[in-house]
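Peer 1: Quick one: the structure is below, questions incoming.
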Amino acid sequence: MSKTTANVHILGAGAMGSLLAHDLKQQFPQDFHPTLLVKPGKSLDSNTQTIKLARQIGPNWTTDSVTVDALKPSDFLSSVTKYEKSGHIDNLIISTKAHQTASALLPFIPYISEKSNILIVQNGMGIPSLLKEKFWARNCPNIYEVVATHGAYIDDDGVVRHAAPGKLTIAKFPGENKQDTPAIVQMLLDTPTLNATLVDYEQFLVIQCEKLVVNCCINPLSALFDCFNGELLYGGDQLSSMYKRIINEAITVLYLEYPMLNQITEASIYLNPERLFTHVVSTTEATAKNSSSMRQDVRMLRLTEVDNMNGYISYLGKKHKSGTLGNAMICDLVKMKLAINKGVNQATTDSLLDISLK
Numbered sequence: 001m002s003k004t005t006a007n008v009h010i011l012g013a014g015a016m017g018s019l020l021a022h023d024l025k026q027q028f029p030q031d032f033h034p035t036l037l038v039k040p041g042k043s044l045d046s047n048t049q050t051i052k053l054a055r056q057i058g059p060n061w062t063t064d065s066v067t068v069d070a071l072k073p074s075d076f077l078s079s080v081t082k083y084e085k086s087g088h089i090d091n092l093i094i095s096t097k098a099h100q101t102a103s104a105l106l107p108f109i110p111y112i113s114e115k116s117n118i119l120i121v122q123n124g125m126g127i128p129s130l131l132k133e134k135f136w137a138r139n140c141p142n143i144y145e146v147v148a149t150h151g152a153y154i155d156d157d158g159v160v161r162h163a164a165p166g167k168l169t170i171a172k173f174p175g176e177n178k179q180d181t182p183a184i185v186q187m188l189l190d191t192p193t194l195n196a197t198l199v200d201y202e203q204f205l206v207i208q209c210e211k212l213v214v215n216c217c218i219n220p221l222s223a224l225f226d227c228f229n230g231e232l233l234y235g236g237d238q239l240s241s242m243y244k245r246i247i248n249e250a251i252t253v254l255y256l257e258y259p260m261l262n263q264i265t266e267a268s269i270y271l272n273p274e275r276l277f278t279h280v281v282s283t284t285e286a287t288a289k290n291s292s293s294m295r296q297d298v299r300m301l302r303l304t305e306v307d308n309m310n311g312y313i314s315y316l317g318k319k320h321k322s323g324t325l326g327n328a329m330i331c332d333l334v335k336m337k338l339a340i341n342k343g344v345n346q347a348t349t350d351s352l353l354d355i356s357l358k
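For the record, in the sequence shown the residue sitting at position 217 is 217 according to the UniProt record's numbering, with numbers rising by one throughout.
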């Protein structure tokens, strides 16, 4: 059990960021000190936010809540100036959408040093390398990547629903910094509800590829058909064919992009296309009552992460001259779905406005 306190900023207060903040605060009420870094436009009554979480245990839901500190970027910066604090960020959990990471992180870069611990909890791949290139060519912080298989979403009432218990797999991103396991990582490992493990990077890469393939299958299709994950299974043979095409294209280009996979024994087992198909179907079943993040984004007319999932596979296909037409089509369809939803919403708004002016 961890005995050290940890001051932790959380960038991205969506379902996953809120789940981590809630469970860590509940497990370590005195030692875990979180601050949610919320979006600039978010309304805050005070510098705190209550996270209400519902967890499904058997047929029943149990609900509780924790209250944590919350700041907008402008409030964080003004507090540093007002109180002449260093503002150093010791620990930062990044759980924003992948495409939002660089812009969301930018205001906080001056307060991150090589002594900071950064935990990236996102869908997709490639973000640590992008951040190192953009912000930390020198004096890079300690970066950890986290793959989360927990099924969680925020419902219409703002409640975080932990619909499908999963696990967290954590690994240190390859780099020069050597240190003992930081307190925030140990706290994650010591929180039973999060079911976290720390592994070496080679093992992590295999798990990350597996998770990417699962996301490429379930997230965009649930968004396109506007259904809970489990409802996809009514798709029968057509769903199976689509899953298999997405999987085969993805595995081919992932091996081309990450040749080290050829040297990892576990990769030949876990990334076998037939085994992956079975795993994707079982994940669809296990998260049957979950509403994917991409479905939620499309419903809320928000930009999705499809470019970091199927779009990433399509990009690798072009890079390595390998066919990825299935993933490219899925990527285009999700973008089309979002554009249509936005257009219909705007047309409805304009129509109501015309009526009110008559």
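For glycine and all other residues, C-beta sits at the position ideal for the given N, C-alpha and C.
On the three-state DSSP scale, how would you describe I251?
Peer 2: helix
Peer 1: With distances taken between CB atoms, is the gap from C209 to L254 smaller than 8 Å?
Peer 2: The answer is yes: Cβ separation under 8 Å.
Peer 1: In or out: S268 buried (at least 16 other Cβ within 10 Å) or exposed?
Peer 2: exposed
Peer 1: Whole angstroms are fine: how far does the CA of R295 sit from the CA of Q346?
Peer 2: 19 Å
Peer 1: Mind checking Q122: buried by the 16 CB within 10 Å criterion, or exposed?
Peer 2: buried
Peer 1: Where do the ends of the alpha helix (DSSP H) carrying K335 lie?
Peer 2: 325-357
Peer 1: Would you report the Cα separation of T181 and L256, rounded to the nearest angstrom?
Peer 2: 32 Å
Peer 1: Is it buried or exposed, L325, if we count other Cβ atoms within 10 angstroms and call 16 or more buried?
Peer 2: Flag for L325 reads exposed.
Peer 1: Alpha carbon to alpha carbon, what distance is there between G317 and A223?
Peer 2: Straight across, the Cα-Cα distance linking A223 with G317 is about 23 Å.
Peer 1: Pick out the complete beta strand (DSSP E) segments inside the segment 126-195, 3 residues or longer, and give them in chain order.
Peer 2: If only complete runs of 3 or more residues are kept, the segment 126-195 shows the beta strand (DSSP E) at 142-148, 151-154, 160-164, 168-172, in order along the chain.
Peer 1: Can you tell which of M336, N139, E305, D354 has the C-alpha that lies nearest to the C-alpha of Q100?
Peer 2: E305
Peer 1: Just mark I109 as buried or exposed, buried being the case when its beta carbon has 16 or more other beta carbons within 10 Å.
Peer 2: exposed
Peer 1: Quick check on H33: does DSSP put it in helix, strand or coil?
Peer 2: Three-state DSSP puts H33 in a strand.
Peer 1: What whole-angstrom Cβ distance do L36 and D69 have, given they're in contact under 8 Å?
Peer 2: Here L36 really is in contact with D69; their C-beta atoms are around 7 Å apart, less than 8 Å.
Peer 1: Alpha helix (DSSP H) containing N215: first to last residue?
Peer 2: First-last of the alpha helix (DSSP H) with N215: 201-224.
Peer 1: Pick from I207, G14, I10, T4: whose alpha carbon is nearest that of N293?
Peer 2: The amino acid at residue 293 is misidentified as Asn; the sequence shows Ser. Selected option, being the one with the closest Cα: G14.
Peer 1: Report the rounded CA-to-CA distance for Y83 versus K52, giving the unit in angstroms.
Peer 2: Unreliable placement is indicated for Y83, whose pLDDT of 45 sits below 50; no coordinate value is reported for it.
Peer 1: Identify, in the order they occur along the chain, each residue of the same chain with its Cβ nearer than 8 Å to the Cβ of I207, setting aside the five sequence neighbours on each side.
Peer 2: V147, T169, V199, Y270
Peer 1: Of the choices T252, P40, Y234, G236, whose alpha-carbon is the least far from that of V213?
Peer 2: Ranked by how close their Cα comes to the Cα of V213, the residues T252, P40, Y234, G236 have T252 in first place.
Peer 1: Restricting to Cα atoms, I'd like to know which of H162, N142, I218 is closest to V185.
Peer 2: Answer by Cα proximity: N142.
Peer 1: Could you compute how far the alpha carbon of E114 sits from the alpha carbon of A21?
Peer 2: 24 Å
Peer 1: What are the boundary residues of the alpha helix (DSSP H) that includes N310?
Peer 2: Residue range 310-319 is occupied by the alpha helix (DSSP H) that includes N310.
Peer 1: What separation, rounded to the nearest whole angstrom, lies between the Cα atoms of S129 and S116?
Peer 2: 17 Å
Peer 1: When you compare only the Cα positions, how much space is there between M125 and V66?
Peer 2: Between M125 and V66, the C-alpha separation is close to 31 Å.
Peer 1: Can you tell me whether DSSP reads D64 as helix, strand or coil?
Peer 2: strand
Peer 1: Does the separation of the CB atoms of G235 and N195 fall below 8 Å?
Peer 2: no
Peer 1: Please name the residue in F135, A137, T197 whose C-alpha comes closest to that of K172.
Peer 2: T197
Peer 1: Do M16 and A152 have their C-beta atoms closer together than 8 Å?
Peer 2: yes
Peer 1: Indicate whether L19 and M187 have their beta-carbon atoms separated by less than 8 Å.
Peer 2: no
Peer 1: Please work out which residues of its chain come closer than 7 Å, Cβ to Cβ, to K132, disregarding the five sequence neighbours upstream and downstream, and give them in chain order.
Peer 2: Cβ neighbours of K132 within its own chain (closer than 7 Å, five residues either side excluded): C140.
Peer 1: For V8, which three-state DSSP category applies?
Peer 2: When secondary structure is reduced to three states using DSSP, V8 falls in the strand class.
Peer 1: So, are the CB atoms of D90 and N7 less than 8 Å apart?
Peer 2: yes
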